[in-house]
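Accompanying notes for the structure given below.
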Amino acid sequence: VNAQATIAAQWSRLLELAERRLPALTRLKRAEALPILLNRHRIYVLPTRFGLVFSAVLLVMLLGALNYNNNPALLLTCLLAAASYQSVFQAFRAIDRVELRALRAEACHAGDKLRISLHFHIDTRPRRSLRVSVEGIETVFDLTPGSDGCVRIELPAPQRGWRRSGRIRLYSEYPFGLFHVWSWLNPEFAALIYPGLEENAPPLPPNGADADQQATRRSGDELAMLRNYHPTDPLRSIAWKASARHDTLLVKEFEQRRGREILLNFSLLGGMDREARIARLARWVCMAESAQMRYTLQLPERRLGPGHGPDHRHACLRELALLPGAAV
Amino acid sequence: MNAASARLTPTQFGLVSASIVAAVLPHLLRLPLAYSALVLALLIGRWVQRQRSGVRIPAWVKLPLVVLFPVLVILHYGNIFGREPGSALACAMLVMKLVETETSRDARACICFASFVLMSALLFDSGLGFALLLFAALALFLAAMRELEPRPADARKRAWRGVVRDDLRAGTFALAVAVPLALCVFVFFPRLGSPLWGAPTDTSVRTGLGDRMAPGTIQDLLIDDSPAFRVSFDDAMPPRAQLYWRGPVLWYFDGTTWSRPEYFAIRNNAHTLQTIGVTLGYDVALEPSDRHWLLALDMPVEAPDNAVRGADMSLVSRSPVDHLLSYHATSAPNYRLDTTLDREQRRLALQLPAAFNPQARELAQRWRRELGSDEAVIKAAFDLFHNEFFYTLNAPLLGHDSIDDFLFGTKRGFCEHFSSAFTFLMRAAGIPARVVTGYQGGYFNSVGNYLVVRQSDAHAWAEVWLDGRGWVRMDPTSAVSPQRVELGARAAAGASAPWYQSDWLLGLRNQFDLVNRLWNDVVVQFSALRQQNLLAPFGIDKADYADLVAILIGSSTLLLGLFAWWTLRSPRGTGDPLDAAYARLCRKLARAGAARAPAEGPQSFAQRIAVSNLNSRALTDLLDQYVSLRYASALPSTTAVRAFARSVGALRVNAKSPALA
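Chains A and B, in that order, give the protein sequences.
Heads up: the first sequence at position 224 corresponds to 249 in this note's numbering, and the numbers run straight through without jumps.
Heads up: the second sequence at position 596 corresponds to 591 in this note's numbering, and the numbers run straight through without jumps.
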């Protein structure tokens, strides 16, 4: 086991060296702008292990047929050999002219899985049994013309901040598993990982001193006003009687009595280390958001808010995610 | 999840099982019945088990099986080496591999092994139909290999029928596309002059002429319609009555069986043959028989290469005929053979077992006493057969005194009985005689201009030695049933022939035999010698290995280059036809000096053209047309797009005076 590990380590070191020395070969050198169209300059082919074993079998068959001077057996061997070796062209065509158009990442907190969707585009030929491998995680997919060509992968996201997807290896062994055809994709892409949320965080801090009592227009208990209908509004909130008197549909907006507006202050969280503070603040931002509160985030160098809503939440989490680490 | 260790889906397992069936079945048809049944039962059992429960087979089930099959093979064949026992063992081991197959890695190992087993089936039978079936099995293998590729989870939900159909179609396509390269390699791959390792001989399972004639041996042949050999004559074919294909000559009779003394093959100089008149030259392509006999017309003038002519004029090959063998032979239809008979030969030719067939003996001796001359005795025997005997393939069984039973009891039989009884009578009458086995007649295929002789044309006749004339052929069967010689065994047998020898079926087979012959001629017999002469038309008289390898590499590179070009060609025409036509129009205008700027839309481009010296009615119309086709409707009609593309093609743009040509 030890020797095996040593060999594996040596091998990966060798690969790294090859990648450093032959950047054109492995496309490590720099990220590329999307879209990335795969073509013959960046597609590599090698026989698989099955391909090598199969070749050995073909060789034995060839020797047998020649030795027995049996022409039909030789013809059979030639047919099988020609069919299997010519599959290299089909294998190449499986990933030739596949285009990576876009990458999209879903919002994700550190410690969760980062869900990335890769959007591929192909011409009129359907592609089968393609595989992407990112950081050792493999996903199999088919591409058919006219479909969205969307491939979802999940990556671990241990740390807050920008996270690059790393090199994406697109490969295939279609049609017969005899040839391994691959290409490296290194798109310019980074996903923002929000800070991890503190588990069992204490409740939101008490009322901020400077926060006024205010009413917010959110779905609450008492009717506050009527506004025009938007397609996303739930049907039950439509004010049917009021609408009947107007040309357009009207929607009831309720008001909720909000007791307070809060301040989330980074520097007030004394006695905790930096990452723990960030985690707690991130949790509080989420709690405040789901409690429909207005909140202000006070960071050492910035102040965000007061505000509320997805945009504000994103701005706060983004600032938290991109705060420099403790060592800096 | 590693794809190689993922568990096989039912469809994948089914396709792999089908591949193994395809590889094993050609062998099982030939192997001992009980053994085949056992292997097949294991295969089916495994498949059913996998469909039902899918539990892994434990080692305590597998291990005894792994031991059982080699033991069975050794018990039956005596060893596990050689073609026969080797293939029997390979079949069992392949099925055993299926028993433990759970992952796609196992399945791929199965396919590799199955390919080898499939190929080895052709070492036993290289007929056209058989070979084509095995070639078709390759498509199944490729389909299984394709199905083993990992698929996304949602694609696994498709019905297996559609999936298998797709796989088979892809496999067949890959195979069809491979034909040119395969043929190229087949033709130019250098053949071995001599085998690398000895091909061990096996006990024969083929039907064919033996060196003995016991009751029933020829009967087995008469119901076998497979071709024995094919002949093409240098000149015209001799009349049917002369088509006696000489095989083993049988001297020794023990009361039931005629057999052949071994040393006659060696004493090949103890004869005198005078040819009278013309000799006939012809080429024979002899199907493998695993025996030493070569067939030739009466009387072969000389032995072909690698064969000797025995003292009884039968041709014996130095090694068993285990592959299709071609030779040229010359025969003299009119001849005089052995005008003197030495003491040893005379003793053999008069040998009779004591205490057998007293009645026949007495009859012969009576003829001798009453008639005197040899010719008269022979005529008496012929008259007896002609007047009182019937030709039938359903001959009744004979008892201890088989000749007596036949001559005075059943009185019905076929060539085997007649030749045997006739020779016995002659010997009993003191005339030296011997039985000759071989074939008589054949079917002349006028399209291919050759004669095919089937096993069912097997025949036995007699030769008597007459003072002053030497050995003379006597066919007592022709005395009973002249059609046997004139029309063949099939016509003589009448309604007693088995169903598959019915007239129209045999006629069809005789017609189709041309294809078999072509196959034999072009593929099976393609040899190192033929390969060397292949390039004679191109000025290379004897292509050596270097030439062949050079041509092999050159031609396959050419073919692969074609495929590479097809693979790498720029995907022109795969895009939208309307865009392609517009791009063509822009290219034309660019050549005339009005290149469209990358950011320029069709309308602003048209405005710029309108004020340039390229302006013409036709051009403006085309650009307007493009705008309306592209932007006025979501899906422009195909005919309109085609019309637009045609007008673009017809447009001649000229910087001075652009016009529609």
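The beta carbon of each residue, even a glycine, is placed where N, CA and C say it ideally should be.
Source: prediction; values computed, not measured.
| Check | Outcome |
| --- | --- |
| Chain B contact residues for A/GLN29, given Cβ-Cβ distances below 8 Å | Those do not exist, as A/GLN29 stays about 17 Å from chain B at its closest Cβ, beyond 8 Å. |
| Close Cβ partners of A/VAL310 (< 8 Å) along its chain, the five nearest in sequence each way excluded | LEU289, TYR320, LEU322, ARG338, CYS341, LEU342, LEU345 |
| CB contact below 8 Å: B/SER115 versus chain A | yes |
| Straight-line gap, B/ARG45 to B/LEU37 (C-alpha atoms, nearest Å) | 12 Å |
| Bounding residues of the beta strand (DSSP E) (the contiguous stretch that carries A/LYS138) | 138 to 146 |
| Under the three-state DSSP convention, the category B/ASN382 falls into | helix |
| N-terminal and C-terminal residue of the beta strand (DSSP E) that A/THR321 is part of | 319 to 323 |
| Burial state of A/ARG129 (16 or more Cβ within 10 Å) | exposed |
| Pairwise C-alpha distance: A/VAL159 and A/VAL165 | 12 Å |
| Assumed close pair B/PHE248, B/PRO348 - CB separation to whole angstroms, cut-off 8 Å | 6 Å |
| Continuous beta strand (DSSP E) stretch holding A/VAL123: start and end | Looking at the DSSP string, A/VAL123 is not in any beta strand (DSSP E), and its letter there is neither H nor E. |
| Beta-carbon proximity list for B/SER199, same chain, < 6 Å, skipping 5 on both sides | Residue placement at B/SER199 is poorly supported in this model, since its pLDDT is 45, which falls under 50; the coordinates still yield a value, given next. The answer, listed in chain order, is ASP285. |
| Where the beta strand (DSSP E) containing B/TRP560 begins and where it ends | Here B/TRP560 belongs to no beta strand (DSSP E); instead the alpha helix (DSSP H) covers 540 to 563. |
| Chain-ordered neighbours of B/HIS147 on chain A, where CB pairs are closer than 7 Å | His is not the amino acid found at residue 147 of chain B; the sequence shown has Pro there. Under the 7 Å cutoff, chain A gives VAL165, PHE166, ASP167. |
| CA-to-CA distance, B/ARG156 to B/ALA302, given in whole angstroms | 56 Å |
| Cut-off 6 Å between Cβ atoms - residues of its own chain near B/ARG255, not counting five sequence neighbours on either side | ASP206, PRO243, LEU245 |
| Backbone CA spacing between B/ALA223 and B/VAL50 [nearest angstrom] | 51 Å |
| Proximal residues to B/LEU345 (C-beta, below 6 Å), its chain only, five neighbours per side dropped | ARG422, PRO427 |
| Within the stretch 314 to 382 of chain B, ranges of the alpha helix (DSSP H) (whole runs, at least 4 residues) | 338 to 344, 353 to 366 |
| Buried or exposed by the 16-neighbour rule on C-beta atoms within 10 Å, applied to A/PRO60 | exposed |
| Terminal residues of the beta strand (DSSP E) in which B/ALA432 lies | For the record, residue 432 of chain B in the displayed sequence is Thr; it is not Ala. B/THR432 -> beta strand (DSSP E) spans 428 to 435. |
| For A/GLY273, the three-state DSSP class (helix, strand or coil) | The amino acid at residue 273 of chain A is misidentified as Gly; the sequence shows Thr. In this structure, A/THR273 counts as coil in the three-state DSSP scheme. |
| Cutoff 8 Å: B/VAL518 Cβ touching any chain A Cβ | yes |
| Strand pairing of B/GLU458, partner residues [DSSP] | B/ARG429, B/ARG468 |
| For A/PHE117 and B/THR562, believed in contact at Cβ under 8 Å, the rounded distance | 6 Å |
| For A/ALA234, the three-state DSSP class (helix, strand or coil) | With a pLDDT of only 42 at A/ALA234, under 50, the local geometry of the prediction cannot be trusted, and the value read off the model is given with reservation. Here A/ALA234 sits in coil by DSSP. |
| Helix, strand or coil at B/GLN520 [DSSP, three-state] | coil |
| Per-residue DSSP class, three states only, for B/MET232 | coil |
| Spatially closest choice to A/ARG155 from A/GLY202, A/ARG192, A/ALA127, by CA coordinates | Checking the sequence, you will find Leu at residue 155 of chain A rather than Arg. Selected option, being the one with the closest Cα: A/GLY202. |
| Candidates A/HIS144, A/VAL113, A/ILE68: closest to B/LEU555 by CA position | A/VAL113 |
| Sequence-distant residues of the same chain with beta carbon closer than 8 Å to B/THR335, five excluded per side | THR267 |
| Beta-carbon separation (whole angstroms), A/ALA269 vs A/LEU251, contact threshold 8 Å | In fact, because the Cβ distance is near 12 Å, the residues do not count as touching under 8 Å. |
| Nearest residue (CA-CA) to B/VAL447, options B/PHE130, B/LEU23, B/PHE8, B/PHE228 | B/PHE228 |
| A/VAL70 at chain B interface by Cβ criterion, 8 Å | no |
| Which residues DSSP lists as bridging A/SER208, in chain order | A/LEU195 |
| Check whether A/GLU124 and A/LEU62 have beta carbons under 8 Å apart | yes |
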